[in-house]
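The sequence shown begins at 10 in our numbering and counts up by one.
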Amino acid sequence: MTADAAARRTVVTCPHCGSRNRVPSVAGGFPRCGNCRNPLPWITDAGDDDFAAVAEQPSVPVLVDLWATWCGPCRMVSPVLEQLATERAGAIKLVKVDVDRAPETGTRFQVRAVPTLLVLRDGEVVARQPGAAPVATLRRWLDDALAGLDPPVPSPSAPGPDETEESP
10 MTADAAARRT VVTCPHCGSR NRVPSVAGGF PRCGNCRNPL PWITDAGDDD FAAVAEQPSV
70 PVLVDLWATW CGPCRMVSPV LEQLATERAG AIKLVKVDVD RAPETGTRFQ VRAVPTLLVL
130 RDGEVVARQP GAAPVATLRR WLDDALAGLD PPVPSPSAPG PDETEESP
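Written as structure tokens, this is what we have:
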């Protein structure tokens with residue numbers, strides 16, 4: 010894991026109470042709001058150097074968005090994926106990979122068109138969706154992909170690295 014991946018945090022607004030939270034790119038478990046303790050959407054970016062640490066280690070399934078900045082359909086699908094991640098807060102992690110900046114990751118997953126969506130569990134591809142699709146189609150695809158997977162088991166232990174810090 011790179012030091013950059015371990016230190017990088019994304020600010021996410023809690024859909025339950027509106028508090029802003031810094032969510033780590035890499036952590037065990039899943040992020041919770043520092044204010045209301047509800048699960049937060051886990052949305053982050055990854056590149057060639059940190060993809061394994063960010064996308065292959067989580068205890069929850071990972072929805073990977075392989076996209077490009079010049080791709081119109083990618084820009085249309087991005088808010089839909091963020092909505093799906095928010096709806097499934099605590100159950101999935103959304104990792105966005107710009108294939109122009111991370112060509113090794115694009116090659117590894119044999120990306121022939123962008124966007125290409127993957128669902129990973131324990132680093133293995135369990136579902137693949139090439140190209141953009143309407144929200145209902147993507148929701149159904151994601152639900153079908155997640156249906157065959159064991160649900161994540163939240164840890165009842167004391168706060169650890171999966172806990173977030175509330176932003177000022």
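Just so you know, even glycine gets a beta-carbon here, dropped at the ideal spot from N, CA and C.
What three-state label does DSSP hand residue i in the structure shown?
i	result
E96	helix
L127	strand
V35	coil
L49	coil
W150	helix
P88	helix
R117	helix
V1	Because the chain spans 10 through 177 in this model, residue 1 falls outside it and cannot be assessed.
Report the option in the options whose CA atom is closest to the CA atom of residue i.
i	options	result
Q138	K102, W76, V35	W76
C45	L147, P112, T22, P33	T22
E113	P48, R31, P50, D58	D58
V86	G140, G27, C26, W150	G140
D89	R41, W150, P40	Rather than Asp, the amino acid found at residue 89 in this sequence is Val. Out of R41, W150, P40, W150 has the C-alpha closest to the C-alpha of V89.
Can you tell me the Cα-Cα spacing of residue i and residue j, whole angstroms?
i	j	result
G38	V69	7 Å
P143	D153	15 Å
Q119	V63	19 Å
V123	R148	18 Å
C80	I52	20 Å
P24	L155	22 Å
A36	Q66	8 Å
Q92	D109	24 Å
G27	V20	12 Å
R41	A100	12 Å
T125	D74	6 Å
V134	G43	32 Å
Is residue i near residue j, with beta carbons less than 8 Å apart?
i	j	result
G157	V106	no
R18	R31	yes
L103	L72	yes
P50	T95	yes
A98	P33	no
A111	F60	yes
So is residue i buried or exposed if we call it buried at 16+ other beta carbons inside 10 Å?
i	result
R130	buried
G115	buried
T146	exposed
R117	exposed
C83	buried
G132	exposed
R121	exposed
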